Ligand code: HEM
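Numbering (the working numbering), first residue to last: 383 to 526.
1. Figure out for me which residue from 454, 411, 410 and 444 has the closest Cα to the Cα of residue 427.
2. Less than 8 Å separating the beta-carbons of residue 438 and residue 490?
3. The alpha helix (DSSP H) spanning residue 485 covers which residue range?
4. Classify residue 485: buried if its beta carbon has 16 or more other beta carbons within 10 angstroms, exposed otherwise.
5. Is there contact here, the stretch 439 to 447 with the stretch 458 to 474, by at least three beta-carbon pairs under 8 Å?
6. Give me the residue from 476, 412, 518 and 526 with the minimum Cα distance to residue 460.
7. Taking the C-alpha atoms as reference points, what is the distance between residue 433 and residue 507?
8. Suppose the cutoff is 7 Å on Cβ atoms and the five residues either side in sequence are ignored; what does the same chain contact list for residue 415 look like?
9. Consider the C-beta atom of residue 512 and the heavy atoms of the ligand HEM; say whether any pair is separated by less than 7 Å.
10. Looking at residue 499 and the ligand HEM, is the gap between the Cβ and the nearest heavy atom below 7 Å?
11. I'd like to check one pair, residue 462 with residue 471: are the Cβ atoms closer than 8 Å?
12. In the DSSP assignment, find the alpha helix (DSSP H) that holds residue 460 and state where it starts and stops.
13. For residue 472, verify whether its CB is less than 7 Å away from any heavy atom of the ligand HEM.
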């Protein structure tokens with residue numbers, strides 16, 4: 383019994399120490415796992431750089447206020463990934479109205495985002511989570 387008691391106490395300590403850490407990891411939002419505000423900003427800045435240099439689609443952004451677009455994209459990703467922001471921009475239909483974007487334009491945009499996220503070292507698993515936020519918006523963006 384004398385040796386059993388310290389063992390039991392040690393086991394209890396280990397269990398207590400590990401349980402909350404597991405819970406925290408499980409509850410971390412995508413926003414937190416992307417690195418919070420700095421992480422989201424890095425993704426948006428790299429994405430805008432890639433889109434800007436992409437001859438296939440950069441014509442669409444010719445007369446866009448890029449500082450404004452940057453701010454709205456940061457807000458949008460922050461809000462959609464569980465961060466402490468709310469999106470103050472137009473609906474996706476409104477924002478892309480009159481552009482007549484095709485599925486191919488959308489795919490090019492996604493390709494640029496993937497290249498950007500890879501560049502700023504977002505893991506492949508997290509990239510999938512970010513893309514899962516954008517994929518469902520395709521019908522609101524294409525053909526408007
Ligand atoms: C899911 C994919 C997309 C998301 C989440 C998205 C998001 C946004 C957001 C938040 C804005 C700003 C809205 C506002 O001004 O109130 C915006 C504007 C804009 N988007 Fe997208 N976008 C997507 C796809 C695309 C694609 C594929 C293109 C072109 C290839 C594009 C071109 C533009 C342009 C040119 C503007 C600026 C419009 C203006 O200057 O008035 N977007 N987008």
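For each residue, glycine too, the CB sits at the ideal point set by N, CA and C. Values in this document were obtained by computation on a predicted structure and should not be read as measured data.
On the basis of the supplied data:
1. On the chain shown, residue 427 is found 45 positions in, with the first residue counted as 1. With distances taken between Cα atoms, residue 427 lies closest to 454.
2. To locate residue 438, count along the chain shown from 1; it is residue 56. To locate residue 490, count along the chain shown from 1; it is residue 108. Going by C-beta atoms, residue 438 is nearer than 8 Å to residue 490.
3. Along the chain shown, read from residue 1 onward, the residue named residue 485 stands at position 103. Its alpha helix (DSSP H) spans residues 485 to 501.
4. Taking the chain shown and counting its residues from 1, the one referred to as residue 485 is at position 103. So residue 485 counts as exposed.
5. No, the stretch 439 to 447 is not in contact with the stretch 458 to 474.
6. As a working note, residue 460 is residue 78 in the chain shown. Closest by C-alpha distance to residue 460, out of 476, 412, 518 and 526, is 412.
7. Here the question's residue 433 lines up with position 51 in the chain shown. Here the question's residue 507 lines up with position 125 in the chain shown. Rounded to whole angstroms, residue 433 to residue 507 spans 22 Å at the Cα level.
8. For the purposes of this step, residue 415 is identified with residue 33 of the chain shown, where counting begins at 1. Taking residue 415 as the centre and dropping the five residues before and after it, the same chain places the C-beta of 508 closer than 7 Å to its C-beta, in chain order.
9. Taking the first residue of the chain shown as 1, we reach residue 512 at position 130. Incorrect: residue 512 has no Cβ contact closer than 7 Å to the ligand HEM.
10. Walking along the chain shown from the start, residue 499 turns up at place 117. No, Cβ of residue 499 sits at least 7 Å from all heavy atoms of the ligand HEM.
11. Position 89 of the chain shown, counted from the start, is the residue given in the question as residue 471. Position 80 of the chain shown, counted from the start, is the residue given in the question as residue 462. No, the pair does not count as a contact, with Cβ atoms beyond the cut-off.
12. In the chain shown, the residue the question calls residue 460 occupies position 78. It spans 448 to 462 - the alpha helix (DSSP H) in which residue 460 sits, taken as one unbroken run.
13. Residue 472 sits at position 90 when you count from the first residue of the chain shown. Answer for residue 472: yes, Cβ within range of the ligand HEM.
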